[in-house]
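*Asks:*
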Amino acid sequence: MKQKTMKPWMLYLTILLLYIAMQFASVPISKGMIALFSSNGYDVKEAAYNGFAWGLFATNILAILAIFLVIRSDKKFWTVFKGKKEPIWKSIMWGILGFFLALGGQMIAGTIEKAIGITEGSASTAKLTEIAAVAPILIVCIVLFAPILEETVFRRVLFGGIYTKTNFWIATIVSALIFAAVHNELEHILTYLMPGLVFSYVYYRSKRIWTPMISHMLMNGFVMIVMLNQDKILELQKLQQSVISLFHFFW
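Position one of the sequence shown corresponds to residue 253 (the numbering used here), numbered consecutively onward.
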């Protein structure tokens with residue numbers, strides 16, 4: 253018997269609802285995990301951080317499985333753009349380039365925010381880094397699962413859905429604004445907007461969803477490495493300044 257294909261709008265709505273359900277489900281699951289860690293002798297902070305991390309890990313896996321199971325009902329789901337897809341090697345290169353473009357965009361956004369008096373740094377990112385230092389499993393969620401889920405939702409569903417009904421610019425701006433807004437740091441909306449614009453662009457250029465996923469994974473991975481090694485980076489900067497000062501002293 254031939255499998256019935258969902259209508260596009262219904263498929264998009266189902267994916268969005270599953271993604272939203274994941275956000276809500278992570279709360280009770282994390283609470284259960286926290287109770288489990290507490291009962292196994294962890295102190296309050298360690299239990300809270302490990303419970304949150306493992307709760308998010310579990311809900312991410314469930315969401316990915318559920319979303320991709322739904323996507324299987326439509327064999328044309330990943331086909332958005334007309335024309336031939338970029339070769340695999342070019343798509344990978346676009347993914348790497350997207351990382352550098354997104355990083356550059358965030359630097360520009362940071363400069364603008366600083367100029368208008370917005371405090372540097374993301375409180376959310378700092379907190380996640382603190383948790384990741386105690387519960388490294390969170391790094392898998394941030395670097396691997398988040399890009400897969402977010403690119404599927406924000407690039408394929410939102411950008412792709414809007415693009416097929418309007419044009420590239422409307423789809424890019426709307427999807428990037430929503431992507432920035434859901435990070436729940438409106439004061440840094442420009443910082444999150446820039447990567448959203450870039451990820452849409454490399455998706456459009458390569459016509460492959462895993463291209464912006466590569467950019468997103470590299471971006472999140474880079475941020476994690478920098479944030480987890482802040483102390484070492486500061487020490488290297490101090491050492492560099494000392495060497496420069498010594499050089500100026502003798503010359």
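Just so you know, even glycine gets a beta-carbon here, dropped at the ideal spot from N, CA and C.
#1: Classify Ser291 as helix, strand or coil using the three-state DSSP reduction.
#2: May I ask you to report which of helix, strand or coil DSSP gives Pro339?
#3: Taking Glu382 as the reference, give the member of Asn292, Gln275, Leu480 and Gly473 with the closest Cα.
#4: Is the beta carbon of Gly357 sitting closer than 8 Å to the one on Met446?
#5: Taking 8 Å as the cut-off, decide whether the C-beta atoms of Ile430 and Leu410 are in contact.
#6: Please classify Leu401: is it buried, with 16 or more other beta-carbons within 10 angstroms of its beta-carbon, or exposed?
#7: For Ile344, is the beta carbon positioned less than 7 Å from some heavy atom of the ligand FAD?
#8: Alpha carbon to alpha carbon, how far is Ala287 from Leu355? Give it in angstroms, no decimals.
#9: Taking the alpha carbon of Met359 as the point to measure from, which residue in Thr443, Leu390, Lys334 and Arg457 has its own alpha carbon closest?
#10: By DSSP, does Asp483 sit in helix, in strand, or in coil?
#11: Using three-state DSSP, classify Arg460 as helix, strand or coil.
#12: Assuming the contact rule is C-beta atoms closer than 8 Å, Phe338 and Ser458 should be a hit. Round their C-beta distance to whole Å, please.
#13: Quick one: Cα of Tyr301 to Cα of Arg408, how far?
#14: What residue range does the alpha helix (DSSP H) around Phe516 cover?
#15: Identify, in the order they occur along the chain, each residue of the same chain with its Cβ nearer than 6 Å to the Cβ of Ala310, setting aside the five sequence neighbours on each side.
#16: Can you grab the Cα-Cα spacing for the pair Ile466 / Thr404, in whole Å?
#17: Can you give me the Cβ contacts of Val426 inside the same chain, cut-off strictly under 6 Å, excluding the 5 residues immediately before and after it?
#18: Name the residue from Phe289, Val322 and Phe304 whose alpha carbon lies nearest to the alpha carbon of Ala271.
#19: Just curious, the alpha helix (DSSP H) that Glu382 is in, first and last residue?
#20: Whose CA, out of Phe320, Arg460 and Thr463, lies closest to the CA of Tyr264?
#21: Any contact between the segment 382-393 and the segment 414-424? By contact I mean 3 or more CB pairs, one from each, below 8 Å.
*Replies:* From the atom records:
#1: Mapped onto the sequence shown, residue 291 falls at position 39. Reduced to three states, the DSSP call for Ser291 is helix.
#2: Indexing the sequence shown from 1 puts residue 339 at position 87. Taken through DSSP and simplified to helix, strand or coil, Pro339 comes out as coil.
#3: Against the sequence shown, residue 382 aligns to sequence position 130. It is Leu480 whose Cα lies nearest to the Cα of Glu382.
#4: Residue mapping note: residue 357 aligns to position 105 of the sequence shown, counting from 1. Residue mapping note: residue 446 aligns to position 194 of the sequence shown, counting from 1. Cβ atoms of Gly357 and Met446: closer than 8 Å.
#5: What you label residue 430 is simply residue 178 of the sequence shown in a count that begins at 1. What you label residue 410 is simply residue 158 of the sequence shown in a count that begins at 1. Yes; because the gap between Cβ atoms is below 8 Å, this pair is in contact.
#6: By 1-based counting over the sequence shown, the position of residue 401 is 149. Burial call: buried.
#7: As far as ligands go, the structure on display features none, and thus does not contain the ligand FAD.
#8: As a first step, residue 355 is located in the sequence shown; it is residue number 103 there, counting from the start. As a first step, residue 287 is located in the sequence shown; it is residue number 35 there, counting from the start. Leu355 and Ala287: Cα-Cα distance of roughly 38 Å.
#9: Position 107 of the sequence shown, counted from the first residue, corresponds to residue 359. Checked all of Thr443, Leu390, Lys334 and Arg457; the closest Cα to Met359 is Thr443.
#10: Here residue 483 corresponds to residue number 231 of the sequence shown, with the count starting at 1. The answer is helix: DSSP assigns Asp483 an H, G or I state.
#11: Taking the first residue of the sequence shown as 1, we reach residue 460 at position 208. Residue state, collapsed to three classes: coil.
#12: To locate residue 338, count along the sequence shown from 1; it is residue 86. To locate residue 458, count along the sequence shown from 1; it is residue 206. According to the sequence shown, residue 338 is Glu rather than Phe. Between Ser458 and Glu338 the Cβ distance is about 4 Å, and since that is below 8 Å, they are a contact.
#13: For the purposes of this step, residue 301 is taken as residue 49 along the sequence shown, with counting starting at 1. For the purposes of this step, residue 408 is taken as residue 156 along the sequence shown, with counting starting at 1. Taking the straight line joining both Cα atoms gives about 32 Å.
#14: The requested residue 516 is not part of the displayed model; the chain covers only 253 to 503.
#15: As a working note, residue 310 is residue 58 in the sequence shown. The beta carbon of Ala310 sits closer than 6 Å to those of Ile281, all from its chain and outside the five residues before and after it, given in chain order.
#16: Taking the first residue of the sequence shown as 1, we reach residue 466 at position 214. Taking the first residue of the sequence shown as 1, we reach residue 404 at position 152. For Ile466 and Thr404, the gap between their C-alpha atoms comes out near 12 Å.
#17: What you label residue 426 is simply residue 174 of the sequence shown in a count that begins at 1. Excluding sequence neighbours, Val426 sits near Ile414.
#18: What you label residue 271 is simply residue 19 of the sequence shown in a count that begins at 1. A small correction: the amino acid at residue 271 is Tyr; Ala does not occupy that position in the sequence shown. Taking each of Phe289, Val322 and Phe304 in turn and checking the Cα distance to Tyr271, the smallest one comes out for Val322.
#19: Indexing the sequence shown from 1 puts residue 382 at position 130. It spans Ala375 to Val386 - the alpha helix (DSSP H) in which Glu382 sits, taken as one unbroken run.
#20: What you label residue 264 is simply residue 12 of the sequence shown in a count that begins at 1. Checked all of Phe320, Arg460 and Thr463; the closest Cα to Tyr264 is Phe320.
#21: no
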